[in-house]
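Protein sequence lines correspond, in order, to chains Z and Y. Residue numbers in the first sequence follow the numbering used here, run continuously in steps of one, and reach 401 at the last position. Residue numbers in the second sequence follow the numbering used here, run continuously in steps of one, and reach 1401 at the last position. The C-beta atom is built at its ideal place from N, Cα and C for all residues, glycine as well. Since the structure is predicted, the reported quantities are computational estimates derived from the model, not experimental observations.
Protein chains: 2
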Amino acid sequence: MPTDHQTASTTSMLRVMNERAVFGEIFRLGPVSRPELAQATGLSKPTISVALANLGRAGLVREVGLRAGPAGRSALLYEVRPEAGWVLAVDIGRSFVRLVLADLAGTIAARVDDPSGSRNPADLLAQLTGLADDLTARVGIGRADVTLTVFGTPGIHDKDTGALHLAPNLPGWSLPGAVDRLSAVSPSPYLVENDTDLAAVGEATYGLGRDVAHFAYVSIGTGTGMGIVIDGKLYRGARGCAGEISYLPIGEGDPLQDDPAAARRGMFETVASADGIVAAARRLGWAGATSAKEVFDAARAGEPLARRAVEVEVNHVAHALAAVTAVLDLELIVLGGGVGVQGGDLLLGPVQERLPHLVALAPPRIEVSTLGADAVLMGAVAVGLTEARDLVLARTVAATP
Amino acid sequence: MPTDHQTASTTSMLRVMNERAVFGEIFRLGPVSRPELAQATGLSKPTISVALANLGRAGLVREVGLRAGPAGRSALLYEVRPEAGWVLAVDIGRSFVRLVLADLAGTIAARVDDPSGSRNPADLLAQLTGLADDLTARVGIGRADVTLTVFGTPGIHDKDTGALHLAPNLPGWSLPGAVDRLSAVSPSPYLVENDTDLAAVGEATYGLGRDVAHFAYVSIGTGTGMGIVIDGKLYRGARGCAGEISYLPIGEGDPLQDDPAAARRGMFETVASADGIVAAARRLGWAGATSAKEVFDAARAGEPLARRAVEVEVNHVAHALAAVTAVLDLELIVLGGGVGVQGGDLLLGPVQERLPHLVALAPPRIEVSTLGADAVLMGAVAVGLTEARDLVLARTVAATP
DNA sequence: GAAATTTGTATTGGACCTTTACGAACGCGT
DNA sequence: ACGCGTTCGTAAAGGTCCAATACAAATTTC
């Protein structure tokens, strides 16, 4: 049990701490006056003034107007200077590459969605670099002005070897060092995160999980996955594999005896992902079923075979969420991914009804994602903003001797 | 996503922070010299001296001897004054009540194990109060000298209502306010924690999980449960129900169709707990099986039916740990509880072998508890010590105007 | 247009920590 | 036994930072 010991501080670190606190409150509260900052931080007015002077000199905050109060002198308002930092968010999806350039205030300045072709490292890198240059040029900043780049990819990024595991859709990226080549996209520091994890952060920051302390995002689509956000922080697990619900031992039979390929892919993913639904429909007698969307449409139209296939899916999803609830005891689970979003109307009610029968605990609320396909990108922005805020501040502090 | 904002500090809070840091390092490093403390905290020698003077005046630390170095003046060593605080740990088990009185240094000064009778609130309270008085008297301190009392109980403590849920073995304790009556045992502040959670903390502090950041303790016995320790902190979940693996949807058939009572109890607990093993043995043809211990003994003797019953148990446990691994991605899982400890030799190997076939991820290490029945008690001591350290420090700081 | 109120800043004082310097204590070698 | 190098502990001086107080500036209300 490695317990983090309390840190000691010297006087000169106080200024850093307090400036950081002031900067953080400006982020949190938006345009805000000095008295409000004094209130929020517990610091005195003169201290706030000094901190604002330093932050202003460093170009991190700016005056933005006056607040007209009921009486008395109007207060100057301060806000984060948006151009103080830029976050490049990249979602490397199965069929699309999406990029967003956001300023430090979180405003999205430019966006690109590219239905890309090849996924081998060299082609993908060239494509990403070109798109990134497009975006920065469009906004009128240089490549070097990007504070931080955040990549969302499927699979698990092994930071020691630079390899990407469990991402069969990205051939060539599982070789050692392959992920490190992403540094070529932008001269900034960069982060590589699992796409489902980012989607979870996105939903937790901009979506339904905003005020929820124990939250998870469950993605069901071509594959399955889960991102866990606890107390506002992503939970990654010992090796970054937390939330790999593909491997939940849920479904009929025993993978060892049945099908080793399915075992490698994971029991839950095999039965519950899009092609698992198609397989279920076929097994039930609908030989011509080709896509999950088709099955859901038919179920909405009242087709009995399709409805039974959906029932099977409901059962699998309910069992998975039951397992997650038994382990994590969450407040809210948001359903996403292709199946989760497009089939959400058919899944949500039955799953919610089924869950209390499986776990005699207070079940979590279950909702369908509001961000949809943008969840990954928005999560990358959120992660990037949090990190970029620290980066610009650290840069400033270092430059104040 | 509630993000905790950076706190601001004033100069006078620096002293508090630094004294806290010094005190923490003394805890962490044991008898330690001033130069070592300066090194560990990053503070200067004079500051350490001042902090030690204050802590000494408050009775929290004391000189303990000299360190003879290879050359130069010998350094005075400081350690926590054990009598500065006392933690009373209480394990309310199924057939035993165990109490321990530990000083602030963590030394166990007195212990009592009582094979108690009645479990209704009034009787149990009387018994606990008597035993607690015995312990304090034996050590020579007063009731009021106890800094903190930590109770370990089965079930989930609802802090809002003061009721204890999911603890069928403690009749009467599920009424609102019942748990609050535990305050009568000692005039100190008190905490009520789930026994399995405490056992997890015990193993994480004194047992096999000492240097592990992602850890869980899985208890299998009369019931089943899991305690999760992440980065040294207990993970409780949204309502304190995290780790209730009794409800993992693992086992044959569907509880809804089969047996509503089993559904209330939880699928996994029904099949994998001690009486689940007995039931499995009977189902396999051993009609006379009466206890899990008997089944394990027979399996060790080579009895075929018993060995098959153990195989069934292995399968269930492996599935449960697979689900836990898929969700949490742990480094280490420690197996405890009656079945876990006494049947560990038969379960460990087969489960470890089975797990990689169920999850294609790096599986966690699995070990059998070394603390055994003392895990709950030791966990209560660990939790109490952490908290008591803050309490005595806060008391001191408040008394220094 | 004056009073009331709120905002921003200048000044003073206090709390804290570090640096520097020096005396105290100890071991080792001669 | 004595000196020397080394380490430990403390004292004094200096610097940084923040709060409190006081006051000037700006704005609304009556």
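Note to self: Determine whether the beta carbon atoms of V381 of chain Z and A84 of chain Z lie at a separation below 7 Å.
What the structure shows: no
Check: Skipping 5 residues on each side, what residues in its chain have a beta carbon closer than 7 Å to that of G251 of chain Z?
Finding: M267, F268, T270, V271, H316
Note to self: Looking at the ligand FMN, does it come within less than 6 Å of A132 of chain Z, judged from the CB to the closest heavy atom?
What the structure shows: In the structure on display, the ligand FMN does not appear, and there are no ligands present to speak of.
Margin query: Going by beta-carbon coordinates alone, are A1320 of chain Y and L1248 of chain Y separated by less than 7 Å?
Written below: Judged by beta-carbon spacing, L1248 of chain Y lies within the 7 Å limit of A1320 of chain Y, meaning their Cβ atoms are closer than that value.
Checklist line | Exposure label - G1177 of chain Y; buried when at least 16 CB within 10 Å | finding: exposed
Next item on the list: Find the residues of chain Z that neighbour G1227 of chain Y, judging by a C-beta separation of less than 9 Å, and give them in chain order.
Entry: Those do not exist, as G1227 of chain Y stays about 12 Å from chain Z at its closest Cβ, beyond 9 Å.
Notebook entry, point to check: Thinking C-alpha only, which one of Y:Q1127, Y:A1281, Y:A1110 is nearest A1137 of chain Y?
Noted result: Y:A1110
Margin query: Does L330 of chain Z pass the burial test, meaning 16 or more other C-beta atoms within 10 Å, or should it be called exposed?
Written below: buried
Next item on the list: Give, in chain order, every residue of the region 1295-1329 of chain Y whose Cβ lies closer than 8 Å to some Cβ of chain Z.
Entry: H1319, A1322, A1323, V1324, T1325, A1326, V1327, L1328, D1329
Check: Over what stretch of residues does the beta strand (DSSP E) that includes R1300 of chain Y continue unbroken?
Finding: First-last for R1300 of chain Y: 1292-1300, but that is the alpha helix (DSSP H), not the beta strand (DSSP E).
Next item on the list: Sort Z:L191, Z:M17, Z:I156, Z:F96 by Cα distance to S174 of chain Z and report the nearest one.
Entry: Z:I156
Margin query: Between which two residues does the beta strand (DSSP E) holding N194 of chain Z run?
Written below: Segment 190-194, the beta strand (DSSP E) holding N194 of chain Z.
Next item on the list: Check whether the Cβ atoms of L1409 of chain Y and A1322 of chain Y lie closer than 7 Å to each other.
Entry: The requested residue 1409 of chain Y does not occur in the structure, where chain Y is confined to residues 1001 to 1401.
Check: In whole angstroms, what separates the C-alpha of R67 of chain Z from that of G56 of chain Z?
Finding: 19 Å
Check: Looking at chain Y, which residues of the region 149-162 of chain Z have a Cβ within less than 9 Å of any of its Cβ atoms?
Finding: I156
Checklist line | CB contact check: G336 of chain Z to chain Y, cutoff 7 Å | finding: no
Margin query: Measuring straight from C-alpha to C-alpha, what distance separates R1098 of chain Y and S1074 of chain Y?
Written below: 44 Å
Notebook entry, point to check: In the DSSP assignment, what residue or residues form a beta bridge with L77 of chain Z?
Noted result: Z:S33, Z:G65
Check: Between V1064 of chain Y and S1033 of chain Y, what straight-line distance do the alpha-carbon atoms span, to the nearest angstrom?
Finding: 10 Å
Check: Is there a Cβ from chain Y that is less than 7 Å from the Cβ of R181 of chain Z?
Finding: no
Next item on the list: Quick one: grab the DSSP three-state call for K1233 of chain Y.
Entry: DSSP places K1233 of chain Y in the strand class (E or B) of the three-state scheme.
Item checked: Proximal chain Y residues relative to E353 of chain Z, where beta-carbon distance stays under 7 Å -> For E353 of chain Z, no chain Y residue has a C-beta closer than 7 Å to its own C-beta; the minimum C-beta separation is roughly 11 Å.
Margin query: Here's the rule I'm using: 16 or more other beta-carbon atoms within 10 Å means buried, otherwise exposed. How should P364 of chain Z be labelled?
Written below: buried
Item checked: Cβ distance (whole Å) where E1201 of chain Y is taken to contact G1379 of chain Y below 8 Å -> The question names Glu, but residue 1201 of chain Y is Val in the sequence shown. Sure, about 4 Å apart at Cβ, within 8 Å.
Margin query: Counting only C-beta atoms, is R1395 of chain Y closer than 7 Å to chain Z at any point?
Written below: no
Next item on the list: Using a Cβ-Cβ cut-off of 7 Å, state whether S1009 of chain Y counts as contacting chain Z.
Entry: yes
Notebook entry, point to check: Terminal residues of the continuous alpha helix (DSSP H) containing G1056 of chain Y?
Noted result: Boundaries of the alpha helix (DSSP H) around G1056 of chain Y: 1045-1057.
Check: Name the chain Z residues that come within less than 7 Å of R1239 of chain Y, Cβ to Cβ?
Finding: Near R1239 of chain Y (Cβ distances below 7 Å), the residues of chain Z are D329, A362.
Margin query: Quick check on the burial criterion: 16 or more other C-beta atoms within 10 angstroms. Buried or exposed for T1205 of chain Y?
Written below: buried
Note to self: Suppose you measure from the CA of V351 of chain Z to the CA of P1304 of chain Y; what does that come to, to the nearest Å?
What the structure shows: 42 Å
Item checked: Opposing strand residues paired with R1098 of chain Y [DSSP bridges] -> Note: R1098 of chain Y is bridge-paired with Y:D1091, Y:D1113 in the DSSP secondary-structure output.
Next item on the list: Tell me whether the beta-carbon of A1373 of chain Y lies closer than 7 Å to the beta-carbon of E1203 of chain Y.
Entry: no
Next item on the list: Decide yes or no for the touch test of the region 218-229 of chain Z against the region 1282-1301 of chain Y: beta carbon pairs closer than 8 Å, at least 3 of them.
Entry: Between the region 218-229 of chain Z and the region 1282-1301 of chain Y, the count of C-beta pairs closer than 8 Å stays below three; the two stretches do not touch.
Next item on the list: State the DSSP-derived secondary structure class of S1183 of chain Y, mapped to helix, strand or coil.
Entry: The three-state secondary structure of S1183 of chain Y, taken from DSSP, is helix.
Next item on the list: Leaving out five residues on either side along the sequence, give the residues of the same chain with a beta carbon under 7 Å from the beta carbon of A301 of chain Z.
Entry: none
Item checked: Length-filtered (3 minimum) beta strand (DSSP E) runs lying within the region 290-369 of chain Z -> Restricted to the region 290-369 of chain Z, the beta strand (DSSP E) segments that are unbroken, complete and at least 3 residues in length are 332-336, 365-368, listed in chain order.
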